[in-house]
Structure formats: C-alpha cells, structure tokens
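*Asks:* I am attaching a structure below and will ask some questions about it afterwards.
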Amino acid sequence: MSLPTDVPSPDLSIEQIELLISTFEAEISAAKELLHFMITYANAGGRDFESYERILDHLARSGMKITMAGRGVIDPALPGKATDIISTLPTEAGSEEDRYGNSR
Numbered sequence: 063m064s065l066p067t068d069v070p071s072p073d074l075s076i077e078q079i080e081l082l083i084s085t086f087e088a089e090i091s092a093a094k095e096l097l098h099f100m101i102t103y104a105n106a107g108g109r110d111f112e113s114y115e116r117i118l119d120h121l122a123r124s125g126m127k128i129t130m131a132g133r134g135v136i137d138p139a140l141p142g143k144a145t146d147i148i149s150t151l152p153t154e155a156g157s158e159e160d161r162y163g164n165s166r
C-alpha cells in the first residue's frame with residue numbers, strides 16, 4: 063500500500079496555492095474571532111456550559127476545515143472518503159445526558 067505522499071504529483075498551480083492561502087486565512091481569522099469571543103465571555107464571568115460547547119464546536123469545525131484544506135492537496139479523494147465514512151454514522155445523536163453523563 064502506498065501513502066498519498068508516495069505517489070508523484072504535479073506541482074501546484076498558482077491558483078491552487080492562492081486558494082489554499084485564502085482558505086487558511088479565512089479559517090484562522092474565524093478561529094481568532096471565536097477565541098476573542100471566548101476570552102471576552104470568560105472575562106465577563108460567563109460560565110454557561112452550553113455557550114462553551116457551542117464555541118468549542120465552532121473551533122473544532124474550523125480546525126477540521128483547515129485540516130481538510132491541507133490534506134486535500136495531498137489526497138484529493140479525501141473529501142469523498144470522509145463523506146462515505148460519515149454517511150455510515152447514526153443520524154441521531156444521543157441526549158446531552160447520554161453524551162456527558164450526570165457529572166454536571
């Protein structure tokens with residue numbers, strides 16, 4: 063089995079490089095805004111679990127977009143592979159109590 067990096071690939075075009083850069087810039091900017099919001103919220107005394115859960119979810123999504131953009135250059139079939147895997151997951155998430163237990 064060969065890894066995607068073992069397969070010779072053509073050089074990237076300037077358009078591909080510009081797309082990568084703009085994607086990373088946009089996602090890093092969004093993540094910075096979320097982090098700034100979280101800091102502001104914490105400094106204002108915010109302690110609400112659901113608010114932090116939402117912020118962290120958005121940060122995780124941003125991180126996944128960055129990962130997918132970077133890996134997409136190495137393995138262009140990756141988004142399709144990810145979609146195939148995700149489509150096999152259950153469609154309904156458990157209750158909050160199922161996910162986090164009674165530890166709160």
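For what it's worth, my numbering labels the leading residue of the sequence shown as 63, then goes sequentially. Glycine included, C-beta positions come from ideal geometry on N, C-alpha and C. On a predicted model such as this, the values are computed, not experimentally measured, just so you know.
How big is the Cα-Cα spacing for residue 147 and residue 129?
*Replies:* Each residue's alpha carbon lies about 16 Å from the other.
*Asks:* Measuring CA to CA, which of 107, 150, 104, 131 is closest to residue 168?
*Replies:* The chain is shown only over 63 to 166; residue 168 falls outside these bounds and no answer can be derived.
*Asks:* Are residue 120 and residue 96 touching if we call contact CB-CB under 7 Å?
*Replies:* Cβ atoms of residue 120 and residue 96: closer than 7 Å.
*Asks:* Grab the span of the alpha helix (DSSP H) containing residue 91 for me, first residue to last.
*Replies:* Its alpha helix (DSSP H) spans residues 76 to 105.
*Asks:* Count the other CB atoms within 10 Å of the CB of residue 89; is the residue buried (16 or more) or exposed (fewer)?
*Replies:* Under this definition residue 89 is a buried residue.
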